Amino acid sequence: MPAFDLIIRNGTIVDGTGNDRFTGDVAIKDGLIAQVGEVRGDAAEEIDAGGNLLTPGFVDIHTHYDGQATWDQEMAPSSWHGVTTVVMGNCGVGFAPAKPDRHEWLISLMEGVEDIPGTALAEGITWDWETFPEYLDALEKMPRAVDIGTHVPHGAVRAYVLEDREQPGAVPTEEDIKKMSDIVEEGVKAGALGFSTSRTVLHKSIDGELVPGTTATSEELVEIGRAMGRVGHGVFEMASDLQRDWNEFEWMGDLSRETGLPVTFAALESIAKEMPLAEQIQTMRAQNDNGANIVAQIALRGNGIIMAWQGTVNPFVYRPSWQSISELPWEEQKAKLLDPAFKKQLLSEANDYSEAPKDILGVVMVITQGWALQYEMDPDFDYEPDETASVNARANAKGIDPQEYAYDMLCADDGKGFIYLPILNYADGNLDFLHPLQHSDDTVNSLSDGGAHCGTICDAASPTFMLEHWVRDRKRGDRITLENAIKRQCWDTARLYGLEDRGIIAPGYLADLNIIDFDAIKLGKPWLAFDLPAGGRRLLQKADGYVATIKNGTVTFQNGTWTGATPGGLIRGPQRAELAEAAE
Numbered sequence: 073m074p075a076f077d078l079i080i081r082n083g084t085i086v087d088g089t090g091n092d093r094f095t096g097d098v099a100i101k102d103g104l105i106a107q108v109g110e111v112r113g114d115a116a117e118e119i120d121a122g123g124n125l126l127t128p129g130f131v132d133i134h135t136h137y138d139g140q141a142t143w144d145q146e147m148a149p150s151s152w153h154g155v156t157t158v159v160m161g162n163c164g165v166g167f168a169p170a171k172p173d174r175h176e177w178l179i180s181l182m183e184g185v186e187d188i189p190g191t192a193l194a195e196g197i198t199w200d201w202e203t204f205p206e207y208l209d210a211l212e213k214m215p216r217a218v219d220i221g222t223h224v225p226h227g228a229v230r231a232y233v234l235e236d237r238e239q240p241g242a243v244p245t246e247e248d249i250k251k252m253s254d255i256v257e258e259g260v261k262a263g264a265l266g267f268s269t270s271r272t273v274l275h276k277s278i279d280g281e282l283v284p285g286t287t288a289t290s291e292e293l294v295e296i297g298r299a300m301g302r303v304g305h306g307v308f309e310m311a312s313d314l315q316r317d318w319n320e321f322e323w324m325g326d327l328s329r330e331t332g333l334p335v336t337f338a339a340l341e342s343i344a345k346e347m348p349l350a351e352q353i354q355t356m357r358a359q360n361d362n363g364a365n366i367v368a369q370i371a372l373r374g375n376g377i378i379m380a381w382q383g384t385v386n387p388f389v390y391r392p393s394w395q396s397i398s399e400l401p402w403e404e405q406k407a408k409l410l411d412p413a414f415k416k417q418l419l420s421e422a423n424d425y426s427e428a429p430k431d432i433l434g435v436v437m438v439i440t441q442g443w444a445l446q447y448e449m450d451p452d453f454d455y456e457p458d459e460t461a462s463v464n465a466r467a468n469a470k471g472i473d474p475q476e477y478a479y480d481m482l483c484a485d486d487g488k489g490f491i492y493l494p495i496l497n498y499a500d501g502n503l504d505f506l507h508p509l510q511h512s513d514d515t516v517n518s519l520s521d522g523g524a525h526c527g528t529i530c531d532a533a534s535p536t537f538m539l540e541h542w543v544r545d546r547k548r549g550d551r552i553t554l555e556n557a558i559k560r561q562c563w564d565t566a567r568l569y570g571l572e573d574r575g576i577i578a579p580g581y582l583a584d585l586n587i588i589d590f591d592a593i594k595l596g597k598p599w600l601a602f603d604l605p606a607g608g609r610r611l612l613q614k615a616d617g618y619v620a621t622i623k624n625g626t627v628t629f630q631n632g633t634w635t636g637a638t639p640g641g642l643i644r645g646p647q648r649a650e651l652a653e654a655a656e
């Protein structure tokens with residue numbers, strides 16, 4: 073009988089610790105790494121990784137697969153980009169606990185906040201649970217290509233306790249807050265990795281109502297956080313506008329110090345945030361210097377809207393002519409859009425903002441008129457574009473109106489063209505401000521939003537972007553080392569959530585691995601697919617360069633194609649690594 077199940081030989085090992093790369097072998101037995109270095113002996117299967125990188129599988133801690141995970145085993149698009157573990161239930165939205173009469177409400181909340189088609193969720197979700205532990209049981213029934221873990225989401229908890237009283241600005245009683253705290257405690261005991269909430273005006277239900285956490289008091293949030301403290305583990309995750317008079321960092325620091333648990337927040341340059349990113353980091357660090365454990369989740373590129381005629385948004389959404397065709401089937405829409413007379417009419421019109429949301433009118437204006445901040449997506453598009461790639465600059469170079477240039481861009485490729493608008497995290501027209509943050513222990517690479525923003529964003533490719541842009545190809549500033557990049561996307565993200573059994577290539581750790589042709593790593597062109605339940609749309613993006621992805625010792629992807637293997641499952645609570653005995 074072979075000594076091992078699988079041996080990967082001759083790989084350039086980047087082990088996730090931040091230490092220098094080295095050439096060696098990795099032996100796998102019973103889903104764990106058994107030996108690293110020079111492996112003697114045989115295996116049921118061998119893979120020659122000569123000339124390729126061998127890294128841990130990527131751990132993505134900010135996704136929204138809460139619905140998709142109930143019907144999809146492949147867990148694309150994250151699984152296409154070397155991700156072997158995802159954490160979902162972020163930003164306070166999710167589907168448990170859920171009373172039967174709140175299903176539609178929870179779907180509308182998810183659709184509005186995360187731009188996941190409500191029709192797809194309504195058709196795809198089976199709803200064979202009510203409580204959060206029952207939701208975990210339902211998730212556990214389906215094996216997947218990746219491991220999944222989840223938070224208890226504030227929106228669902230509030231709706232469960234307040235029922236019809238859950239309205240914007242609702243003030244829960246002390247008894248309500250205790251019930252919410254008890255639900256979170258129950259969920260974390262059952263295996264949730266933490267609790268999440270959202271406090272930003274950018275997050276609204278499909279009906280335009282603010283998400284429940286936006287108006288919650290610090291007393292409510294802290295009392296719910298204490299539930300995790302009673303259990304002894306869990307991460308408190310939050311998206312917030314971070315208004316100065318809210319004193320968010322003060323209560324986050326107090327909660328972290330009291331419970332000993334980490335609090336993490338989305339740290340972005342954002343027109344919705346009163347605090348610039350530098351001030352967010354400075355204020356966080358002042359709390360951490362006083363014994364807190366607050367961690368900033370940072371994105372690796374501008375959080376961008378990809379605009380398309382068939383997407384969720386385009387620059388002409390408030391033109392009367394667009395409104396007149398917005399509900400037509402695509403083929404009828406396309407015929408109109410490609411008609412010169414229709415184009416002339418639409419471009420002659422002013423935007424009608426009467427139905428635009430007033431509290432984010434600045435965002436709307438950038439979408440509909442911000443030609444200097446919108447960029448043409450060339451075949452070799454650089455996600456750190458300079459001003460010469462903007463719609464405005466390229467239109468001026470051709471001597472035409474920017475709005476006409478944008479219209480023609482969207483009509484390219486038979487009406488399937490894209491415009492990139494990095495509406496967040498790109499305030500100065502470059503990514504220089506992110507470079508030092510990628511060398512800080514109080515930040516983690518995050519905010520991919522895998523599974524969400526189906527018609528506007530496809531940042532689930534973030535790990536690939538990290539390798540292609542930040543490590544290999546960046547032209548407009550300093551790069552980061554390969555060793556640091558892998559550590560940040562593997563061990564650092566895993567460790568924040570107590571997943572100490574993964575993220576490092578060493579004996580005893582999960583055999584979650586990527587074999588990567590580093591020279592070939594390249595993001596593909598985004599495309600809109602209509603493959604969700606009920607024909608729901610989603611923006612997708614694949615990549616070249618992933619030779620193989622391995623989960624629990626089983627090859628799940630070969631050259632970017634799913635093998636059909638489903639060795640992944642549900643993570644319940646923190647995980648500890650148990651060192652395996654080295655095979656002889």
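Just so we're aligned, residue 73 is where the sequence shown starts under my numbering, counting upward by one. All residues carry an ideal CB built from backbone N, CA and C; glycine is no exception. All of these numbers come straight from a predicted model, not from anything done at the bench.
Assumed close pair residue i, residue j - CB separation to whole angstroms, cut-off 8 angstroms
{"i": "residue 446", "j": "residue 130", "result": "No, residue 446 and residue 130 are not in contact; Cβ-Cβ is about 30 angstroms, not under 8 angstroms."}
{"i": "residue 198", "j": "residue 142", "result": "6 angstroms"}
{"i": "residue 346", "j": "residue 395", "result": "Incorrect: roughly 33 angstroms between the Cβ atoms, too far for contact."}
{"i": "residue 216", "j": "residue 645", "result": "Not confirmed; about 18 angstroms, so no contact."}
{"i": "residue 127", "j": "residue 586", "result": "5 angstroms"}
{"i": "residue 542", "j": "residue 551", "result": "6 angstroms"}
{"i": "residue 602", "j": "residue 596", "result": "Contact flag wrong, Cβ pair sits at about 18 angstroms."}
{"i": "residue 496", "j": "residue 341", "result": "6 angstroms"}
Backbone secondary structure at residue i - three-state DSSP
{"i": "residue 398", "result": "coil"}
{"i": "residue 118", "result": "strand"}
{"i": "residue 590", "result": "helix"}
{"i": "residue 641", "result": "coil"}
{"i": "residue 277", "result": "coil"}
{"i": "residue 648", "result": "coil"}
{"i": "residue 623", "result": "strand"}
{"i": "residue 312", "result": "strand"}
{"i": "residue 477", "result": "helix"}
{"i": "residue 141", "result": "helix"}
{"i": "residue 271", "result": "strand"}
{"i": "residue 302", "result": "helix"}
{"i": "residue 248", "result": "helix"}
{"i": "residue 656", "result": "Low per-residue confidence applies at residue 656: pLDDT is 33, beneath 50, and the placement is therefore not dependable, though the value from the model is reported in the following sentence. Looking at residue 656 - three-state DSSP - the assignment turns out to be coil, as it is neither helix nor strand."}
Reference residue i, options the options, closest by Cα
{"i": "residue 581", "options": "558, 600, 623", "result": "623"}
{"i": "residue 373", "options": "278, 538, 405, 514", "result": "538"}
{"i": "residue 383", "options": "193, 528, 318", "result": "528"}
{"i": "residue 109", "options": "221, 115, 79, 554", "result": "79"}
{"i": "residue 302", "options": "317, 327, 321, 311", "result": "327"}
{"i": "residue 459", "options": "117, 499, 429", "result": "499"}
{"i": "residue 153", "options": "520, 625, 599, 331", "result": "520"}
{"i": "residue 678", "options": "136, 342, 290", "result": "Here the chain covers residues 73 to 656 and nothing more, so residue 678 does not appear."}
{"i": "residue 236", "options": "210, 269, 178, 266", "result": "178"}
{"i": "residue 70", "options": "118, 106, 489", "result": "No information on residue 70 is available, as it lies outside the stretch 73 to 656 that the chain covers here."}
{"i": "residue 97", "options": "91, 74, 125, 211", "result": "125"}
{"i": "residue 204", "options": "218, 252, 275, 553", "result": "252"}
{"i": "residue 186", "options": "170, 208, 161, 308", "result": "161"}
{"i": "residue 136", "options": "573, 512, 120, 188", "result": "188"}
{"i": "residue 660", "options": "249, 293, 306", "result": "Within the shown structure, residues of the chain are numbered from 73 to 656, placing residue 660 beyond reach of any answer."}
{"i": "residue 579", "options": "501, 556, 103, 505", "result": "103"}
{"i": "residue 246", "options": "288, 557, 461, 526", "result": "288"}
Sub-9 angstroms separation of residue i and residue j beta-carbons
{"i": "residue 584", "j": "residue 618", "result": "no"}
{"i": "residue 168", "j": "residue 195", "result": "no"}
{"i": "residue 355", "j": "residue 312", "result": "no"}
{"i": "residue 530", "j": "residue 604", "result": "no"}
{"i": "residue 76", "j": "residue 122", "result": "no"}
{"i": "residue 439", "j": "residue 379", "result": "yes"}
{"i": "residue 577", "j": "residue 85", "result": "yes"}
{"i": "residue 139", "j": "residue 182", "result": "yes"}
{"i": "residue 220", "j": "residue 625", "result": "no"}
{"i": "residue 503", "j": "residue 456", "result": "yes"}
{"i": "residue 606", "j": "residue 192", "result": "yes"}
{"i": "residue 368", "j": "residue 514", "result": "yes"}
{"i": "residue 370", "j": "residue 510", "result": "yes"}
Stretch pair the segment 459-467 + the segment 352-362: three plus CB contacts closer than 8 angstroms: Remark: fewer than three beta-carbon pairs, one from each stretch, lie closer than 8 angstroms, so the segment 459-467 and the segment 352-362 are not flagged as touching.
Contact between the segment 236-248 and the segment 281-293 (3+ Cβ pairs under 8 angstroms): The segment 236-248 makes contact with the segment 281-293: 3 or more CB pairs, one atom from each, lie closer than 8 angstroms.
At least 3 beta-carbon pairs within less than 8 angstroms: the segment 247-261 vs the segment 211-227: A contact exists between the segment 247-261 and the segment 211-227.
At least 3 beta-carbon pairs within less than 8 angstroms: the segment 406-419 vs the segment 478-486: With the cut-off at 8 angstroms, the segment 406-419 and the segment 478-486 touch.
Contact between the segment 286-299 and the segment 327-343 (3+ Cβ pairs under 8 angstroms): The segment 286-299 is in contact with the segment 327-343.
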